[in-house]
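Residue numbers (mature numbering (1 follows the signal peptide of the UniProt record, and there is no 0)): -17 to -1, 1 to 236. Beta carbons: idealized from backbone N, C-alpha and C, even for Gly.
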Amino acid sequence: MRSPLLLAALCSPLALAQNLIEVQPHAMLRLPATTHVLQVERLHIADHGTLLIPSGLTDMHVAELRLGRNARIAIAPGEQPFRLDVESGEVAAGAQISVRGAPGSFLQPALPGRTLSLRLVAVATEALLVDARGGMGAPGYSGLDGADGKPGGCTWGQASRGYDGLRGGDGQAGARGGQVRLEVPLGFPLERLQVRLDGGAGGSAGNGGNPGAGGASKGCWLYSTSHARDGRSGQSGQSGSAGAAGNLDVVRF
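Now the structure itself:
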């Protein structure tokens, strides 16, 4: 259970500078969007816990970091670069820091992985994943269905052919991967750190519209005019292109 003191601290950027932020196992905690710069004395995220950081936060300094197994720091997509400085800490296997972009939708394009500067000073790491992949492109629209043909009479007139379905829309392009700058000591084991910079996958192609049915006479007893042909199915659109990969810059000090 988090104490009332911690809950009060999460509402005050000044109080956060000297307090413990703790996420319990299998729990999720979202920081409030009240400041751009945050200083934390101790940040502890237990096994399978997740800390959500809003897009408005751009600079976070942590004196002591503890990441349990499969613990995660998830930083929301944003246009401004994000910097995380860690003075000391321990990182268990399966832990990750995510700055992934957001998938696209019919209303907005996919967002790229966020630009991240990560400085680790005295941090013992079993394995750490930095995920800066771009967002997936939005899928294409489905084509409109073709209208049905008009029926003919029972003894005269000609039924009309069904209309063709319309072509599906093209999928949108995926967003680029993030730009990651990693600052570590000379002896830091880089083989224990994995950085994913893939661009987002392109959006799926929209399906073509269904064909309209050919006109056919109805309610006729002895005679009826011929059934007209159905329309053709609309063609599918094209899949969107994948986003460009991001970039990793490693600086040793």
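Secondary structure remark: continuous alpha helix (DSSP H) runs of at least 4 residues inside the segment 33 to 87: none found.
With respect to Ala93, Gly117 sits close: the two C-beta atoms are nearer than 8 angstroms. Going by C-alpha positions, Glu166 is about 44 angstroms away from Gly152. Taking C-beta atoms under 8 angstroms as the contact rule, Thr108 and Val74 qualify, at a distance of about 4 angstroms. Between Pro122 and Gly217, the C-beta gap is not smaller than 8 angstroms, which leaves the two residues out of contact. In this structure, the CA atom of Gln141 is about 17 angstroms from the CA atom of Gly195. When secondary structure is reduced to three states using DSSP, Arg164 falls in the strand class. Ranked by how close their Cα comes to the Cα of Gln162, the residues Gln63, Ala54 and Met119 have Gln63 in first place. A distance below 6 angstroms between beta-carbons, with the five flanking residues on each side excluded, links Leu112 to the following residues of its chain, in chain order: Gln79 and Gln177. Of the residues assessed, Pro60 falls on the buried side of the cut-off, its CB having 16 or more other CB atoms within 10 angstroms. Scanning Asp128, Arg175 and His31 for the CA closest to the CA of Tyr146 turns up Asp128. DSSP places Glu5 within a strand segment (E or B) once states are collapsed to three.
In its chain, beyond the 5 residues on either side, Arg52, Glu109 and Ala110 have a beta carbon closer than 7 angstroms to the beta carbon of Ala76. Excluding the 5 residues flanking it on each side, Arg175 has same chain C-beta neighbours closer than 8 angstroms at Thr108, Glu109, Ala110 and Leu111, in chain order. Each of Val20, Gln22, Thr98 and Arg212 was checked against the Cα of Gly160, and the nearest Cα belongs to Thr98. Taking all protein chains shown into account, Gln91 has fewer than 16 neighbouring C-beta atoms within 10 Å of its C-beta and is therefore exposed.
Residue environment analysis places Asp232 among the exposed positions, since fewer than 16 neighbouring C-beta atoms fall within 10 angstroms of its C-beta.
Its chain contains Gly148, Leu149, Arg150, Gly151, Gly191, Gly192 and Gly217 as the residues whose beta carbon lies nearer than 6 angstroms to that of Gly126, once the 5 sequence neighbours on both sides are disregarded; these appear in chain order. Between Asp42 and Val23, the C-beta gap is not smaller than 8 angstroms, which leaves the two residues out of contact. Judged by DSSP in its simplified three-state form, Leu173 adopts helix. Counting C-beta atoms within 10 angstroms of its own C-beta, His9 has fewer than 16 neighbours from the protein chains shown and is therefore classed as exposed. As computed with DSSP, Gln22 is found in a beta bridge with His44. The alpha-carbon separation between His31 and Ala156 amounts to approximately 32 angstroms. Residue pairing of Ala107 in beta bridges, as defined by DSSP: Glu73. In the DSSP assignment, the residues bridged to Asn230 are Gln162. If you ignore the 5 residues before and after Val234, its C-beta comes within less than 8 angstroms of the C-beta of Arg164, Leu165, Glu166 and Val167, all in its own chain and listed in chain order. The alpha carbon of Ala57 has as its nearest neighbour, out of Ala46, Glu70, Val69 and Gly84, the alpha carbon of Gly84.
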